[in-house]
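Some notes on the structure that comes next.
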Amino acid sequence: MKQLAWQQEPLLSPSTNAHEQGERNELSRSNHYPRFNPSGRRSADAFDQSVNARCTQLGKPCWRRTRVRTAATSLECSVELDQSIQKRERDQYVRAFKIGIQRTARATLDMCRVVFEANQVLDAYDFSKFCEEIGMRSGSSTIRKFIAIGRVYPRFVAYADQLPIAWTNIYLLTQIPAKSFEHCIQQGRALKDIKGNYLRSLIESTQDLSSINDPLPYDKDNNGHMFAKVLFTKRIDDVDWRAVEKALSELQARLPIKVVVLR
Numbered sequence: 011m012k013q014l015a016w017q018q019e020p021l022l023s024p025s026t027n028a029h030e031q032g033e034r035n036e037l038s039r040s041n042h043y044p045r046f047n048p049s050g051r052r053s054a055d056a057f058d059q060s061v062n063a064r065c066t067q068l069g070k071p072c073w074r075r076t077r078v079r080t081a082a083t084s085l086e087c088s089v090e091l092d093q094s095i096q097k098r099e100r101d102q103y104v105r106a107f108k109i110g111i112q113r114t115a116r117a118t119l120d121m122c123r124v125v126f127e128a129n130q131v132l133d134a135y136d137f138s139k140f141c142e143e144i145g146m147r148s149g150s151s152t153i154r155k156f157i158a159i160g161r162v163y164p165r166f167v168a169y170a171d172q173l174p175i176a177w178t179n180i181y182l183l184t185q186i187p188a189k190s191f192e193h194c195i196q197q198g199r200a201l202k203d204i205k206g207n208y209l210r211s212l213i214e215s216t217q218d219l220s221s222i223n224d225p226l227p228y229d230k231d232n233n234g235h236m237f238a239k240v241l242f243t244k245r246i247d248d249v250d251w252r253a254v255e256k257a258l259s260e261l262q263a264r265l266p267i268k269v270v271v272l273r
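Residue 180 in the numbering used here sits at position 170 of the sequence shown, and the numbers go up by one each step.
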């Protein structure tokens, strides 16, 4: 909660003569108005009215009160510095920091592997409920990227100490050419050093940048380009339908597509 402090502006300008100074002293010594109490709204209002009336009698500017907001103390500033820290050498801090990075990257890989395995094993309904229970949507881009990271877990886990900290950057590495990944490993180049324009160029080399949307009809109702029609080739039952739902859900998780089921 922000605290309020009261700042009183001077009744008279600093450049006053002796007569005006005497009137100021008279005003300040006067008991005609109640004592100023900023904690009480009524007392403050009564103080204003009394002082303004007295200032009017003296022919001086009316009293004005300015509200000054003081910033609340942040959590960081509220915590006292720990004086019990034991001093270590610089190389020890470097090792400790690198261990922390490795643990962070490994934790990201483990988390994404869980999502990947759940997507592979659970049916569409259970996977959707799984995503809901972990606070996400099954068709979100985040889940799709977690699945991509979890898929390459066997290739990344051995190089967790070379991976960047942020999971978004780890995902970008999953989109580079497989040959480029192997080349970096053979050359001893840390994966976290692949970034910037070089990383962007590697990702673009795996994408077809030619425009393929032009010949596709646009569906305004579903806000997308139509590119396929899926047909059943036989009479289906509940088991078939659940299998189709799982397959379509996986496609939506892996690709930037939306499947509209006709009812």
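By construction, the Cβ of each residue, glycine as well, lies at the ideal position given by its N, Cα and C atoms.
If you're wondering where the values come from, they're calculated on a predicted model, not measured in any experiment.
Using CA atoms only, rank isn't needed, just tell me which of the options is closest to residue i.
i      : options                           : result
ILE267 : SER150, PHE140 and CYS87          : SER150
LEU272 : LYS155, LEU265, ALA257 and VAL240 : VAL240
THR114 : GLY69, HIS193 and ILE180          : ILE180
GLN262 : TYR169, THR243, PHE137 and ALA200 : PHE137
MET121 : ILE144, MET236 and GLU99          : ILE144
PRO213 : THR118, ALA168, ALA188 and SER148 : According to the sequence provided, residue 213 is Ile. The question's Pro does not apply to it. Of the listed residues, the one whose Cα sits closest to ILE213 is ALA188.
ILE195 : TRP251, ALA168, LEU85 and THR178  : ALA168
PRO164 : CYS141, ARG116 and ASN233         : ARG116
GLY160 : ALA128, CYS141, GLU142 and LEU132 : ALA128
Using the C-alpha atoms, what's the distance from residue j back to residue i?
i      : j      : result
ILE109 : LYS202 : 15 Å
GLN96  : VAL104 : 15 Å
VAL162 : ALA81  : 48 Å
ALA106 : ALA253 : 48 Å
ILE153 : SER94  : 42 Å
LYS276 : GLN217 : Since the first and last residues shown for the chain are 11 and 273, residue 276 lies out of range.
VAL89  : CYS65  : 47 Å
LEU209 : ASP231 : 36 Å
THR243 : LEU258 : 17 Å
Helix, strand or coil for residue i, going by three-state DSSP, please let me know.
i      : result
ASP229 : strand
GLY234 : strand
THR243 : coil
THR216 : coil
GLU260 : helix
THR80  : strand
ARG98  : coil
ILE153 : helix
VAL89  : coil
So residue i and residue j are in contact, right, with Cβ under 8 Å, and what is the actual spacing, rounded?
i      : j      : result
LYS256 : ALA134 : 5 Å
ILE315 : LEU173 : The question about residue 315 has no answer, for the chain in this structure spans 11 to 273.
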